[in-house]
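Sequence lines, in order, name chains B and Y. So for the first sequence, the numbering used here puts the first residue at 1; every next one is plus one. So for the second sequence, the numbering used here puts the first residue at 1001; every next one is plus one. Worksheet: the structure to be examined is printed underneath.
2 protein chains.
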Amino acid sequence: VVRLRRLVGRRSVRAAEVAYVAEGPKLLIEALEAGVALESVYAAPGADPELLAKAVAAGARVFALAEGVMERVADTVAPQPVMAVLPMPSLPLRTLSRAAWVVVCAGVRDPGNAGTVLRAARAAGAEGVVFAETSVDPYNPKTVRASAGAIFRIPVCSAGSLESVLADLSSWGFCRLAAVARGGRAPEEVDLTARFALVVGNEAHGLGPRHLATVEELVSIPMAAESESLNVGVATGVICFEAARQRRAQLRSRERVGRA
Amino acid sequence: VVRLRRLVGRRSVRAAEVAYVAEGPKLLIEALEAGVALESVYAAPGADPELLAKAVAAGARVFALAEGVMERVADTVAPQPVMAVLPMPSLPLRTLSRAAWVVVCAGVRDPGNAGTVLRAARAAGAEGVVFAETSVDPYNPKTVRASAGAIFRIPVCSAGSLESVLADLSSWGFCRLAAVARGGRAPEEVDLTARFALVVGNEAHGLGPRHLATVEELVSIPMAAESESLNVGVATGVICFEAARQRRAQLRSRERVGRA
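Below, the structure written as C-alpha cells:
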C-alpha cells in the first residue's frame, strides 16, 4: 500500500518501478477490454467481485484492502473501490515509424489536458502520441483518468527534445506541423491526408520560436474576434478530427472513382 | 470577505446576490477588455497596481486585503492576487432569438467542462450558450476560469427544461441538433450553415431518449474503433469548428460567385 501511494504520487517512483496506476472500475474494464498486461489490482470492500474475477483471469494478483485503506492511497477526493497497477510500456520513438499520423506534446503541463489530448487523438485515429520537452508524465494518474482508457490503446512514447523527435519523424516521412494560436493556415487548407506529426505546445505559452523553426507548416484554428485561444485538448481535437474528416472525404472520392 | 467566500462557494448565494466571482489578474484583464460591468475588486498584497487603477477607472470599488486573507477565500490551491466581483447578467432566452447559432448544455455537470464548452463555442463563433436541465451553474468560479474570459463575451442563459428551451428556439427558426456518441450523421454531412442549436448532454450519460425525441437531427463524431467517447468540451469544439469551417467554405464560394 505504501508502494501504491508512492506510484500514485511520484513520477520518479513510477519510472523506477516501471509501473503506473489506474484508478476505478471504469478504467479497469477499459484495460481488460484493451487486453493490456495487469500486474495487480487492489480492491476496497464493496468492489465488484465479478470484475475482480476477470482481473484474476487476465493474470492480475488481486489484493483485498481493509476498510478505509483506499482513502489513504487514492489521488481523488472520492476514492474508487479498485485500483490497478500496470507495467509501464517503454516504447522507443521508432515504434511510431510506420504510423499514419501522430501527435507530439511539447510542454503540455496539465495532467488533465494531457489525458484529453490522448483521448481526442486516439478517437480521431492518430496512431501515436509523443510526450516531449517538459510535458507531464503520461502515466500520471490524472492523465490516465482523463484519457478515459485511450492510454491503453494508443502507443505513447516519452522523449526529450522536440528537435530530435522531429528529426526522427521527418526521416520516416512525417510532415511536421505545429498548432499555433494565430498566424498559421486554417486546418482545412492544410493537407492532413498525408503522413504528419502535429506538435501542440504549452497551455500558457504555446510553442517557442525555436520550436516553430523546426516545423514545415503552422496550423491555426480560425477563431471569433477577441477569442484568446483554445484549450490545448480542444485545439488538438479540432485539428485531429479535421484530419479524420479529410481522410473520410478522400476515401469517399476514391470509392466514387472506383465505381466510375 | 465573508460574502466573497460565500460567492465563491455557493450557487444559491450567487443567485441571491446576483453576483459572481472571477479569480486572478488574467480574468480581470479579460473582463476589462470585454467592457463588462465590475462591482468590486479585492486585492492581496502584491497585486499589480496598474491593473487595480484600470479597475477603478472602469468603475469598480477596490478593496485591499491583508496578507493571508485571500488564501482563506480563494477556490484554488494557489490563490490569485486579485478577485473581481461582477454583477451576474440574467438574460432571458429571448436574447438569443436572432443568434446565428447556439449551444445548449443539457446536464453538463462538471464546472471545468462547462467552461471549456463556453470557451470553444465562443471561439468558434456561436452567439449564445444555454444551461438547461441539471447543468452546473455557469457562474461557478471553476467554470468562469475554464471559460478563459469567454463568459464575458458570449450571451449565457440559464433555463430549466430542455423541452421548453428547444420549443422556443424552434419557434425562432433554429434547427435542433443533438450531439450523441453514436448513431448520428457525421458533422460534415449535416448542414451547419443554417441557424441551429446544438444540444450537448451529460458527461457520463449523454442525452436521454426523452431529450433525443425533441431534436431534428443527431450528430455523431466518427471515432476510431473501441474509442469510448469524447470529452464533452472536445466534442462541442469539434462540431462547433466544423460549423465554422462550413461557414467559411460557404463564404468563399459566395465570393467566387460574386467575382464570376
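Note that CB positions come from ideal geometry on N, CA and C, so glycine has one too. For clarity, every value in this text was computed on a predicted model and none was experimentally measured.
Q: Give the secondary structure of ARG185(B) by DSSP, where H, G and I count as helix, E and B as strand, and everything else as coil.
A: Strand at ARG185(B).
Q: Would you tell me roughly how many angstroms separate the C-alpha atoms of VAL144(B) and GLU163(B), rounded to the nearest one?
A: Roughly 26 Å between the two C-alpha positions.
Q) Can you find a CB in chain B that lies within less than 7 Å of the CB of ARG1231(Y)? A) The sequence shown places Asn at residue 1231(Y), rather than the Arg named in the question. Output row for ASN1231(Y): interface = yes.
Q. Does VAL1238(Y) come within less than 7 Å of chain B when only Cβ atoms are used?
A. With a threshold of 7 Å between beta carbons, VAL1238(Y) makes contact with chain B.
**Q.** Contact with chain B by GLY1149(Y), beta-carbon distance below 7 Å
**A.** Interface residue, yes.
**Q.** Amino acids of chain Y, ordered along the chain, whose beta-carbon sits closer than 7 Å to that of ARG245(B)
**A.** From the beta-carbon of ARG245(B), the residues of chain Y found nearer than 7 Å are GLU1188.
Q) If you run the structure through DSSP and keep just helix, strand and coil, what is VAL21(B)? A) The three-state reading of DSSP puts VAL21(B) in strand, counting E and B together.
Q. Among CYS1105(Y), ALA1225(Y), TYR1139(Y) and LEU1166(Y), which residue has its Cα nearest to the Cα of VAL1018(Y)?
A. The shortest C-alpha to C-alpha distance from VAL1018(Y) to any of CYS1105(Y), ALA1225(Y), TYR1139(Y) and LEU1166(Y) is the one to TYR1139(Y).
**Q.** When GLY1233(Y), ARG1005(Y) and ALA1126(Y) are compared against ALA1112(Y), the one with the closest alpha-carbon
**A.** A quick correction: the sequence has Gly, not Ala, at residue 1112(Y). Residue GLY1233(Y) is the option with its Cα nearest to GLY1112(Y).
Q. Which chain Y residues are close to PHE196(B), counting only those with a beta carbon under 9 Å from its beta carbon?
A. When 9 Å is used as the limit between beta carbons, PHE196(B) is near no residue of chain Y, the shortest such separation being about 17 Å.
Q.
What ranges does the alpha helix (DSSP H) occupy inside the stretch 40-128 of chain B, keeping only unbroken runs of at least 4 residues that lie completely in it?
A. List check, alpha helix (DSSP H) in window: 49-57, 69-73 and 111-124.
**Q.** Contact check, VAL130(B) vs ALA114(B), beta carbons under 7 Å
**A.** Contact flag unset, no.
Q: For PHE1174(Y), name the three-state secondary structure that DSSP assigns.
A: Reduced to three states, the DSSP call for PHE1174(Y) is coil.
(Q) To the nearest angstrom, how far is the alpha carbon of SER1012(Y) from that of ALA194(B)? (A) For SER1012(Y) and ALA194(B), the distance between alpha carbons rounds to 53 Å.
Q: Can you say whether THR134(B) is buried or exposed, counting buried as having 16 or more other CB atoms within 10 angstroms of its CB?
A: So THR134(B) counts as exposed.
Q) Does VAL1117(Y) get closer than 7 Å to chain B when you measure Cβ to Cβ? A) Chain B contact via Cβ: absent.
**Q.** Cβ of ALA1123(Y) within 7 Å of any chain B Cβ
**A.** Cβ-Cβ to chain B under 7 Å: yes for ALA1123(Y).
Q. How long is the line joining the alpha carbons of VAL108(B) and GLY206(B), rounded to whole angstroms?
A. One Cα belongs to VAL108(B), the other to GLY206(B), and the distance between them is close to 9 Å.
Q) Which residues mark the beginning and the end of the alpha helix (DSSP H) in which PHE1241(Y) is found? A) Per DSSP, PHE1241(Y) belongs to the alpha helix (DSSP H) from 1232-1259.
Q: Report back the beta-carbon spacing between GLU1216(Y) and CYS1157(Y) to the nearest angstrom; my notes put them in contact at under 8 Å.
A: For a cut-off of 8 Å, the C-beta gap from GLU1216(Y) to CYS1157(Y) is around 21 Å, too long to register as a contact.
Q | Simplified DSSP assignment, three categories, for VAL8(B) | A | Assigned with DSSP and collapsed to three states, VAL8(B) falls in helix.
Q: Over the uninterrupted alpha helix (DSSP H) stretch that includes VAL1219(Y), give me the two end residues.
A: For VAL1219(Y), there is no enclosing alpha helix (DSSP H); the residue is part of the beta strand (DSSP E) that begins and ends at 1217-1219.
(Q) What residue range does the beta strand (DSSP E) around VAL1136(Y) cover? (A) Here VAL1136(Y) belongs to no beta strand (DSSP E), and DSSP marks it neither H nor E.
Q.
Give me the chain Y residues within the contact set of ARG248(B), using Cβ-Cβ distance strictly less than 8 Å, ordered along the chain.
A. ARG248(B) reaches chain Y at ALA1186, GLU1188 and PRO1222, counting residues in chain order whose Cβ is nearer than 8 Å.
Q) When you compare only the Cα positions, how much space is there between SER1171(Y) and LEU1177(Y)? A) Between the alpha carbons of SER1171(Y) and LEU1177(Y) lies a distance of about 14 Å.
Q. With distances taken from CA atoms, which of LEU1027(Y), PRO1187(Y), GLY1149(Y) and MET1070(Y) is nearest ARG245(B)?
A. Comparing C-alpha distances from ARG245(B) to each of LEU1027(Y), PRO1187(Y), GLY1149(Y) and MET1070(Y) shows the shortest one belongs to PRO1187(Y).
Q. Which bits of chain Y does ARG153(B) rub up against, with CB to CB less than 7 Å?
A. Within 7 Å Cβ-Cβ: GLU1226.
**Q.** Backbone secondary structure at LEU212(B) - three-state DSSP
**A.** Annotated three-state conformation of LEU212(B) is helix, per DSSP.
Q: Could you round the C-beta distance between GLU285(B) and ALA106(B) to whole angstroms and report it? I think they count as a contact, below 8 Å.
A: With chain B covering 1 to 260 only, the question about residue 285(B) has no answer from this structure.
**Q.** Residues that VAL1234(Y) contacts on chain B, provided the C-beta gap is smaller than 7 Å
**A.** In chain order: THR116, ALA120, GLY233, VAL234 and GLY237.
Q: Check whether the Cβ of PHE241(B) lies closer than 7 Å to any Cβ atom in chain Y.
A: Yes, contact with chain Y.
Q) Does the stretch 37-51 of chain B touch the stretch 75-93 of chain B, meaning 3 or more C-beta pairs lie closer than 8 Å? A) Three or more Cβ pairs drawn from the stretch 75-93 of chain B and the stretch 37-51 of chain B lie within less than 8 Å of each other, which places the two stretches in contact.
**Q.** Cβ neighbour criterion (16 or more within 10 Å) applied to VAL1056(Y)
**A.** VAL1056(Y) should be labelled exposed.
Q) Nearest to LEU7(B) by alpha carbon, out of ALA74(B), PHE63(B) and ALA64(B)? A) For LEU7(B), the closest of ALA74(B), PHE63(B) and ALA64(B) by C-alpha to C-alpha distance is ALA74(B).
Q: Return helix, strand or coil for SER147(B), following the three-state DSSP convention.
A: Assignment of SER147(B) by DSSP, reduced to helix, strand and coil, places it in the coil class.
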